[in-house]
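Visitor:
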Amino acid sequence: MGHVYSQYLGDPAVTPDHTKGPTFDPLYGYPGGRKERVMIATLEEMESAQLPLNKRDYCAHLAIDHRACRQRVWPLTYKCAHEKHTYLNCEYADYVLRLKEHERERRLLERAKRKAERAARAAH
Amino acid sequence: MAARRLLTSRTLIGLPGGLPGLLPGLYPGLLGLQVSRNVGHWNKDWKPKPYPVTPEERAEAARKYGLRPDEYEPYADDGMGYGDYPNLPVVSAESRDPYEDWDYPEHRRNFGEPVHVDFDMYGLDRINASQKMRFSMQQYALSFFGVMAVSIGIYYYLEDKKMHWPVLPKQYPGDGAVHYTFEPAE
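Chains C and U, in that order, are what the protein sequence lines are.
Positions in the first sequence are counted from 1; adding 121 to them yields my numbering.
Positions in the second sequence are counted from 1; adding 858 to them yields my numbering.
Here is the structure:
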């Protein structure tokens, strides 16, 4: 709620736009670099499994495993609990990463605002 | 006519209310007590006669409808009239005295009283065209359009201001896009 308030009523300048990606350089502030995300499932595998387009993210390989397990054991779908939980934990980690990206964007925007204010004060 | 229509309605038969109209073929019909199967029953004899031209026709028409000749005035015979049916002043049922001992309380009408040609529109459950309204038409219009304008204005103002979680969009591996985690590169 606080982010919605600050975006529309508070200070839109320091609130990230939730419809767009990060506006700052992803490696800014990481002198040692950041680990890249690896896509494990290949396009051929995803197409062969007929995975919906909105599930072809960085957890797609676990989605395919879960769907294959369900197809094997259906209707006894409780047997796929392990695959289901691995997939959902991956999705959760992905969501946490999105939260972190949003927070990083917000802190960099506030920092940019502070730097602009300091520059404006120094100019006088 | 509408008057005769009411006289033969279910209210005079004395059977449980609505029975002839709602349950066709029950015992009232079998016993021959039923005059009409629903309140909207029409009889060709009730059709108004053509527009009266001579004074004798006017007097006869006035007597037929229960009016004096000096207060009987049919609708103009311009192709949109109703033959010799009288042009009565509009008095809605709702604006009549609710405490008077009417013969037909649900219509607030007495026996033999002439019925307006749009009688079904001016009933208790429909339009009240004859009572002074509490506010002026300008006030009514202002209230209605004011509320509608405010609602529509709020809708369009908030159209691009949506609730959302504090997350950036989902990262999909696309052509050439590089995404990072928050762990240091080895």
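Built from N, CA and C at the ideal position, the CB exists for glycine as well.
Any idea what DSSP makes of ARG155/C, helix, strand or coil?
Guide: Of the three classes helix, strand and coil, the one that applies to ARG155/C here is strand, per DSSP.
Visitor: Apart from the five residues just before and just after ASN986/U, which ones in its own chain have a Cβ nearer than 7 Å to its Cβ?
Guide: Cβ within range, chain order: SER950, GLU952, SER953.
Visitor: Where do the ends of the beta strand (DSSP E) carrying GLU958/U lie?
Guide: Segment: none, GLU958/U is in no beta strand (DSSP E) and carries neither H nor E.
Visitor: From what residue to what residue does the beta strand (DSSP E) around GLU929/U run?
Guide: Taken as a continuous stretch (DSSP letters only), GLU929/U belongs to no beta strand (DSSP E), as it is neither H nor E.
Visitor: Does DSSP classify TYR126/C as helix, strand or coil?
Guide: DSSP places TYR126/C in helix when its eight states are reduced to three.
Visitor: Give a yes or no on whether the C-beta atoms belonging to GLY153/C and PRO1027/U are separated by under 8 Å.
Guide: Not a contact, by the Cβ cut-off of 8 Å.
Visitor: Between the segment 194–204 of chain C and the segment 1008–1028 of chain U, do at least 3 Cβ pairs fall closer than 8 Å?
Guide: Touching, no, given that fewer than three Cβ pairs across the two stretches are closer than 8 Å.
Visitor: Alpha carbon to alpha carbon, how far is ILE161/C from THR1039/U? Give it in angstroms, no decimals.
Guide: Roughly 15 Å separates the two Cα atoms.
Visitor: For the alpha helix (DSSP H) that PHE1002/U lies in, which residues bound it at each end?
Guide: Unbroken alpha helix (DSSP H) run through PHE1002/U: 995–1015.
Visitor: Count the C-beta pairs between the segment 940–947 of chain U and the segment 910–927 of chain U that are closer than 8 Å, then say yes if the count reaches three, no if not.
Guide: Yes, they touch.
Visitor: Look at VAL135/C and LYS234/C and say whether their C-beta atoms are less than 8 Å apart.
Guide: Cβ atoms of VAL135/C and LYS234/C: closer than 8 Å.
Visitor: Going along chain U in order, which residues have a C-beta closer than 7 Å to the C-beta of LEU220/C?
Guide: Chain U residues near LEU220/C: PRO1024, VAL1025.
Visitor: What in chain U is Cβ-close to MET167/C, meaning under 8 Å?
Guide: Those do not exist, as MET167/C stays about 10 Å from chain U at its closest Cβ, beyond 8 Å.
Visitor: Buried or exposed for MET167/C, going by 16 or more other Cβ atoms inside 10 Å?
Guide: Buried: at least 16 other Cβ atoms inside 10 Å.
Visitor: By the DSSP assignment, the beta strand (DSSP E) with GLU1041/U in it spans what residues?
Guide: Per DSSP, GLU1041/U belongs to the beta strand (DSSP E) from 1038–1042.
Visitor: Is the shortest distance between the beta-carbon of VAL125/C and the beta-carbons of chain U less than 8 Å?
Guide: Yes, because at least one Cβ of chain U sits closer than 8 Å to the Cβ of VAL125/C.
Visitor: Classify PRO1010/U as buried or exposed, calling it buried when 16 or more other Cβ atoms lie within 10 Å of its own Cβ.
Guide: Sequence inspection shows Ile at residue 1010/U; the Pro mentioned does not correspond to that position. Exposed, because fewer than 16 other Cβ atoms sit within 10 Å of the Cβ of ILE1010/U.
Visitor: So, is the C-beta of HIS223/C closer than 8 Å to a C-beta in chain U?
Guide: True, the Cβ-Cβ gap to chain U drops below 8 Å.
Visitor: Terminal residues of the continuous alpha helix (DSSP H) containing MET167/C?
Guide: Residues 164–169.
Visitor: Closest Cβ-Cβ distance between GLN1029/U and chain B: below 8 Å?
Guide: Reference to chain B is not applicable here, since the protein chains of this structure are C and U.
Visitor: Starting from ARG158/C, find everything on chain U with Cβ-Cβ shorter than 9 Å and list it in chain order.
Guide: Within chain U, the residues near ARG158/C are GLN1029, PRO1031, VAL1036, HIS1037, TYR1038, THR1039.
Visitor: Just how far apart, CA to CA, sit ILE1012/U and VAL1005/U?
Guide: Taking the straight line joining both Cα atoms gives about 11 Å.
Visitor: May I have the straight-line CA-CA distance separating HIS974/U from TYR933/U, to the nearest angstrom?
Guide: Between HIS974/U and TYR933/U, the C-alpha separation is close to 12 Å.
Visitor: Are the beta-carbon atoms of VAL1025/U and HIS223/C separated by less than 8 Å?
Guide: Yes, Cβ-Cβ distance for VAL1025/U and HIS223/C is below 8 Å.
Visitor: What first and last residue would you give for the alpha helix (DSSP H) that runs through ILE985/U?
Guide: No alpha helix (DSSP H) contains ILE985/U, which DSSP labels as neither H nor E.
Visitor: I'd like to know if LYS990/U contacts chain C, where contact means its C-beta is closer than 8 Å to some C-beta of that chain.
Guide: By this cut-off, LYS990/U is not an interface position.
Visitor: If we define contact as Cβ-Cβ less than 8 Å, is PRO147/C a contact residue for chain U?
Guide: So, interface residue.
Visitor: Note down the Cα distance separating LYS221/C from SER1001/U, rounded to an integer number of angstroms.
Guide: Those two C-alpha atoms are separated by around 49 Å.
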